[in-house]
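Here's the structure we're looking at; comments come further down.
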Amino acid sequence: MSQAYKEGRKSLLETEAKTVCIDYGIPVTKFALARNEAEAVECAGRIGYPVVLKIVSPAIIHKSDVGGVVVGVKDAKGVRDVYRQILKNVRNHDAKARITGILVQEMAPSSTEVIVGAIKDPQFGPAIMFGLGGIFVEVLKDVTFRIAPITEDEACEMISEVKAYPLLEGYRNTPPADTKAIANILLNTSRLVTDHLEIKELDLNPILVYKNGAKTVDARIILE
Ligand code: ADP
Ligand code: MG
0 MSQAYKEGRK
10 SLLETEAKTV
20 CIDYGIPVTK
30 FALARNEAEA
40 VECAGRIGYP
50 VVLKIVSPAI
60 IHKSDVGGVV
70 VGVKDAKGVR
80 DVYRQILKNV
90 RNHDAKARIT
100 GILVQEMAPS
110 STEVIVGAIK
120 DPQFGPAIMF
130 GLGGIFVEVL
140 KDVTFRIAPI
150 TEDEACEMIS
160 EVKAYPLLEG
170 YRNTPPADTK
180 AIANILLNTS
190 RLVTDHLEIK
200 ELDLNPILVY
210 KNGAKTVDAR
220 IILE
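Numbering that gives the first Met the number 0 puts the sequence shown at residues 0 to 223.
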């Protein structure tokens, strides 16, 4: 966060936001920042295929809107092709955007998606948000809030009180989601934003939840 302030940035890069998450015990996909194609291939080999490639640029907040995210890259040739393609997409969108590099990350298997967020209320301080991903948040606004810091009981209540909760209990071929892992993320997010009141907004979107564990695939942090 101090690096962002030093550079006059209000929003953390995904690498920076995920490093903060790791510091607070929030699980994220393995990642490495590549500065050129050869480095990207080397990172992908270390992480293991398939990988996801993403643009890292202080000028780009919504990466997929500019063709800055490609999932399911299967081999070294794919990494090289996608690396070039992402730079081209971003340049087409904003020819002058400063580009930090390309983030290579572990591809998390698809599963139920949830969102954990935090916003700072001028009166009550940071509040924690929870909901299921995609249409549940965007269309149905099926989310719940608590003022931070939250207790373990509150974290569990948040999870069970959204309307989409039955989806987390398992249905048809989908096993029950690890709600304990989600509760831990809620508690750790609460700790993070309570320790860092300079955070104006935090968004872990999406978090993929499994039978055992969960993984944050995208993290955004905006500073005051
Ligand atoms: P944006 O800045 O557009 O929100 P994201 O990092 O969220 O970019 O990527 C867009 C989408 O790509 C995510 O919502 C998710 O569905 C998918 N995705 C991103 N990273 C991964 C990953 N590591 N594993 C699996 N899917 C991913
Ligand atoms: Mg996202």
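Even for Gly, the Cβ is constructed at its ideal location relative to N, Cα and C.
Beta-carbon contacts of residue i that lie in its chain and below 8 Å, excluding the five residues immediately before and after
i, result
"S109", "L207"
"R190", "Y23, P148"
"Q2", "E15"
"D93", "A58, I59, V65"
"E216", "Residue identity check: residue 216 is Val in the sequence provided, not Glu. The residues are V27, T28, V51, Q104, A107, P205, I206, L207."
"E112", "L131, G132, G133, P205, I206, L207, V208"
Rounded C-alpha distance that separates residue i from residue j
i, j, result
"T188", "P165", "23 Å"
"L86", "G47", "22 Å"
"G66", "I98", "14 Å"
"C20", "V27", "7 Å"
"R133", "D74", "One detail in the question is off: residue 133 reads as Gly in this sequence, not Arg. Distance between the alpha carbons of G133 and D74: 29 Å."
"E137", "N91", "28 Å"
"K17", "A218", "6 Å"
"E197", "R171", "43 Å"
"L201", "I220", "4 Å"
"C155", "A213", "16 Å"
DSSP state of residue i mapped onto helix, strand, coil
i, result
"K5", "helix"
"N211", "coil"
"V138", "coil"
"R145", "strand"
"D152", "helix"
"V27", "strand"
"D120", "strand"
"A126", "strand"
"P205", "strand"
"G133", "coil"
"V161", "coil"
"G77", "helix"
"G169", "coil"
"L11", "coil"
"V69", "strand"
Beta-carbon proximity list for residue i, same chain, < 7 Å, skipping 5 on both sides
i, result
"A163", "L131, F135, D141"
"N88", "V65, G66, G67"
"P49", "G71, V72, K73, M106"
"M157", "F129, T143, R145, L185"
"A96", "S56, A58, I59, V89"
"R8", "P57"
Beta-bridge pairing of residue i - partner residues as DSSP gives them
i, result
"D93", "In DSSP, D93 forms no bridge with anything."
"T111", "V208"
"G100", "V55"
"L224", "Nothing about residue 224 can be reported from this structure: the residues present for the chain run from 0 to 223 only."
"E105", "V50"
Beta-carbon contacts of residue i that lie in its chain and below 6 Å, excluding the five residues immediately before and after
i, result
"Q104", "T28, F30, V51"
"I184", "I25, V115"
"N211", "D177"
"G124", "none"
In the region 171-196, which residue ranges form an unbroken alpha helix (DSSP H) of at least 4 residues, counting only runs that do not cross its ends? 178-194
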